[in-house]
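Residue numbers (my numbering): 61 to 437.
Ideal Cβ positions, reconstructed from N, Cα and C, are used throughout, including at glycine.
These numbers come from a predicted model, not from an experiment.
Report on the following structure.
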Amino acid sequence: MIYLDHAATTPVPRAVADAMYAVLTGEYGNPSSQYTLGQTAKKDVARWRETVAGALGCPADRLRFTSCGTEGDNWALEAACWQNRHLGRHIVTTAVEHSAVLEPCLWLERQGFEVTRLAPDQNGEIPAEQVLAAVRPDTALVSVMLVNNETGCVFPVREIAEGLAARNPKTLLHTDAVQGFLKIPFRADALGADLITLSAHKIGGPKGIGALYLGSRMRNVKPLLAGGGQEGGLRSGTEATAQIAGFAKAAELRAANLGEKLERMAELKAYAKERLSGIPGLVLIGRGAAPHILAVSLPGYPSQNIVSDLSEKGICISAGSACHRGKPSHVVAALKLPGRVAAGVIRLSFGPENTRADVDACADALAEHVRARFPML
Ligand code: PLP
């Protein structure tokens with residue numbers, strides 16, 4: 061099988077599975093228990109938090125573990141709107157956020173918030189000035205993702221943070237960095253966002269574990285789950301020790317020689333662009349600068365058909381972010397591409413283990429798809 065869908069999820073390396081197995085079978089104590097097995101688990105969780113925080117570039121006490129990126133996004137929005145409830149009820153976000161941000165925004169609208177959703181240009185880009193121009197004195201929160209999961213566009217979060225600090229210092233800034241963490245170089249302490257969402261399964265960690273960075277300005281955080289007081293009293297529930305161990309091991313593995321890995325992925329993406337550009341009619345979509353995501357379209361060839369055809373050949377790619385019931389995703393729709401182009405958008409996303417041979421096989425299969433079928437009008 062050739063796996064070119066690392067933006068959907070990633071394979072778990074053996075060392076990550078081993079780290080989790082050791083916790084599940086031997087070091088399975090509850091960190092709240094007094095005896096040694098529990099206290100060892102408590103120390104281990106502290107160590108794993110340090111590891112993930114180290115990879116993010118922040119002190120460990122700024123990081124709270126969550127069950128996934130979706131939870132982190134939901135919590136970030138709720139926490140920011142709660143803390144800034146006296147400032148106002150306006151939110152600025154983009155039309156191309158993950159639904160883990162867009163759906164809570166809809167819910168907040170029903171609670172009386174006003175949401176400004178910024179549209180990207182045809183390249184998928186949203187400049188910092190566009191975001192800052194939408195901010196008002198009553199803007200409680202700006203939520204702009206770091207890397208778009210369908211186009212690979214990198215949004216200017218740092219510039220947005222600088223602009224907010226100069227013009228609207230009380231507005232809080234959240235960034236969904238699920239597709240940016242260990243995929244583009246950044247450090248939490250230099251990025252300037254108050255809230256940063258992470259998810260383990262995009263970097264070789266297990267599914268079902270993520271983290272939310274809470275910056276120093278998050279002083280009045282509404283607990284997500286009230287109960288036994290875990291995660292600094294902000295997210296109760298017995299720590300998912302095996303998942304956390306897996307997250308930390310994945311972050312440690314991915315962070316080792318990260319520069320080299322990112323360079324290799326960027327080279328592979330450049331190679332893929334070159335190879336795919338040889339397919340008649342193929343269009344590159346967006347100006348995604350992230351090294352791991354490449355969106356292209358075969359106008360006239362519906363993306364679901366392409367994905368199924370390649371799947372039969374053992375190649376995994378995706379139709380944008382899973383084409384929803386035959387309609388282009390909200391991200392593709394926001395690019396306002398001609399209908400035939402939008403309907404043919406597919407996404408290839410790379411991991412450090414992918415090779416040129418994987419790209420060659422995918423390019424050949426796509427070329428074969430085009431040769432074997434007539435385009436739909
Ligand atoms: N945000 C982005 C940009 C994503 O790509 C994803 C997952 O695809 C999520 C959030 C949700 O993360 P999780 O699957 O851990 O809930």
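Using a Cβ-Cβ cut-off of 8 Å (strictly less than) and excluding sequence neighbours within five positions of residue i, which residues of its own chain qualify?
{"i": "residue 433", "result": "361, 365"}
{"i": "residue 292", "result": "121, 124"}
{"i": "residue 416", "result": "328, 331"}
{"i": "residue 172", "result": "149"}
{"i": "residue 202", "result": "151, 152, 153, 191, 195, 220, 224, 231, 232, 233, 234"}
{"i": "residue 137", "result": "151, 161, 164, 165, 168, 201, 203, 234"}
{"i": "residue 76", "result": "264, 265, 266, 306, 309, 310, 313"}
{"i": "residue 341", "result": "358, 359, 360, 430, 435"}
How would you call residue i, buried or exposed, if buried means at least 16 neighbouring beta carbons within 10 angstroms?
{"i": "residue 372", "result": "exposed"}
{"i": "residue 388", "result": "buried"}
{"i": "residue 135", "result": "buried"}
{"i": "residue 131", "result": "buried"}
{"i": "residue 412", "result": "buried"}
{"i": "residue 78", "result": "exposed"}
{"i": "residue 436", "result": "exposed"}
{"i": "residue 316", "result": "exposed"}
{"i": "residue 295", "result": "buried"}
{"i": "residue 368", "result": "exposed"}
{"i": "residue 383", "result": "Note that residue 383 scores 46 on pLDDT, short of 50, meaning its location in the model is unreliable and no value can be drawn from it."}
{"i": "residue 88", "result": "exposed"}
{"i": "residue 328", "result": "buried"}
{"i": "residue 350", "result": "buried"}
{"i": "residue 319", "result": "exposed"}
{"i": "residue 402", "result": "buried"}
{"i": "residue 404", "result": "buried"}
{"i": "residue 85", "result": "exposed"}
{"i": "residue 145", "result": "exposed"}
{"i": "residue 74", "result": "exposed"}
{"i": "residue 379", "result": "buried"}
{"i": "residue 297", "result": "exposed"}
{"i": "residue 266", "result": "buried"}
{"i": "residue 431", "result": "exposed"}
{"i": "residue 109", "result": "buried"}
Could you name the residues of the same chain whose beta carbon sits closer than 6 Å to that of residue i, not counting the 5 residues immediately before and after it, in chain order?
{"i": "residue 155", "result": "177, 179, 394"}
{"i": "residue 213", "result": "184, 185, 346, 348"}
{"i": "residue 344", "result": "356"}
{"i": "residue 427", "result": "339"}
{"i": "residue 283", "result": "294"}
{"i": "residue 182", "result": "395"}
{"i": "residue 390", "result": "none"}
CB-CB under 7 Å to residue i, same chain, minus the five flanking residues each way: which ones, in chain order?
{"i": "residue 105", "result": "91, 299, 301, 304"}
{"i": "residue 425", "result": "370, 373, 375"}
{"i": "residue 332", "result": "354, 408, 419"}
{"i": "residue 114", "result": "none"}
{"i": "residue 377", "result": "64, 65, 367, 370, 406, 407, 408, 422"}
{"i": "residue 97", "result": "89"}
{"i": "residue 119", "result": "113"}
{"i": "residue 263", "result": "70, 241, 242, 310, 311, 314"}
{"i": "residue 334", "result": "none"}
{"i": "residue 126", "result": "132, 135, 270, 271, 272, 295"}
Quick test of your reading: residue i and residue j, contact by CB under 8 Å. State the CB separation rounded to the nearest angstrom.
{"i": "residue 94", "j": "residue 232", "result": "38 Å between Cβ atoms; not a contact."}
{"i": "residue 421", "j": "residue 62", "result": "5 Å"}
{"i": "residue 221", "j": "residue 253", "result": "6 Å"}
{"i": "residue 337", "j": "residue 128", "result": "The pair is not a contact, with the Cβ atoms about 36 Å apart (cut-off 8 Å)."}
{"i": "residue 112", "j": "residue 308", "result": "6 Å"}
{"i": "residue 217", "j": "residue 206", "result": "5 Å"}
{"i": "residue 273", "j": "residue 255", "result": "7 Å"}
{"i": "residue 199", "j": "residue 175", "result": "That pair is no contact at about 11 Å."}
{"i": "residue 235", "j": "residue 204", "result": "6 Å"}
{"i": "residue 257", "j": "residue 133", "result": "5 Å"}
{"i": "residue 139", "j": "residue 281", "result": "5 Å"}
{"i": "residue 209", "j": "residue 158", "result": "6 Å"}
TODO: Say whether the stretch 239 to 249 touches the stretch 138 to 155, bearing in mind that this needs 3 or more beta-carbon pairs closer than 8 Å, one atom from each stretch.
DONE: Taking 8 Å as the limit for Cβ pairs, the verdict is that the stretch 138 to 155 does not touch the stretch 239 to 249.
Task: Given 8 Å, three or more beta-carbon pairs between the stretch 340 to 359 and the stretch 398 to 411 - done: Taking 8 Å as the limit for Cβ pairs, the verdict is that the stretch 398 to 411 does touch the stretch 340 to 359.
Open item on the list: Threshold first: 3 residues or longer. Then list the beta strand (DSSP E) segments lying entirely within the stretch 176 to 220, N to C.
Closed with: Counting only runs of 3 or more, we get 199 to 203.
Open item on the list: For the structure I just gave you, are there three or more beta carbon pairs, one from the stretch 95 to 104 and one from the stretch 247 to 254, closer than 8 Å?
Closed with: Output reads no: the stretch 247 to 254 does not touch the stretch 95 to 104.
Open item on the list: What ranges does the alpha helix (DSSP H) occupy inside the stretch 351 to 437, keeping only unbroken runs of at least 4 residues that lie completely in it?
Closed with: DSSP runs (the alpha helix (DSSP H)) wholly in the stretch 351 to 437: 363 to 372, 390 to 394, 399 to 403, 416 to 432.
TODO: Take every Cβ of the stretch 298 to 306, pair it with every Cβ of the stretch 165 to 176, and state whether three or more of those distances are shorter than 8 Å.
DONE: Segments in contact, no.
Open item on the list: Contact between the stretch 276 to 292 and the stretch 312 to 330 is defined here as three or more beta-carbon pairs at a separation below 8 Å; is this criterion met?
Closed with: Contact fails: fewer than three Cβ-Cβ distances are below 8 Å.
TODO: Jot down the residue ranges of each uninterrupted alpha helix (DSSP H) in the stretch 297 to 341, minimum 4 residues, whole runs only, in chain order.
DONE: With a minimum length of 4 residues, the continuous alpha helix (DSSP H) runs that stay inside the stretch 297 to 341 are 301 to 315, 318 to 337.
Open item on the list: With three or more C-beta pairs closer than 8 Å as the rule, is the stretch 69 to 78 touching the stretch 268 to 278?
Closed with: Taking 8 Å as the limit for Cβ pairs, the verdict is that the stretch 69 to 78 does not touch the stretch 268 to 278.
- [ ] Scan the stretch 130 to 164 and note each continuous beta strand (DSSP E) run of 3 residues or more that stays entirely inside, going in chain order.
- [x] Runs found: 150 to 154.
TODO: Quick one: which unbroken beta strand (DSSP E) runs of 3-plus residues sit fully inside the stretch 80 to 124? Chain order, please.
DONE: With a minimum length of 3 residues, no continuous beta strand (DSSP E) run stays inside the stretch 80 to 124.
Task: Uninterrupted beta strand (DSSP E) stretches inside the stretch 244 to 286 (no shorter than 3 residues) - done: Fully enclosed beta strand (DSSP E) runs of 3 or longer: 255 to 259, 270 to 274.
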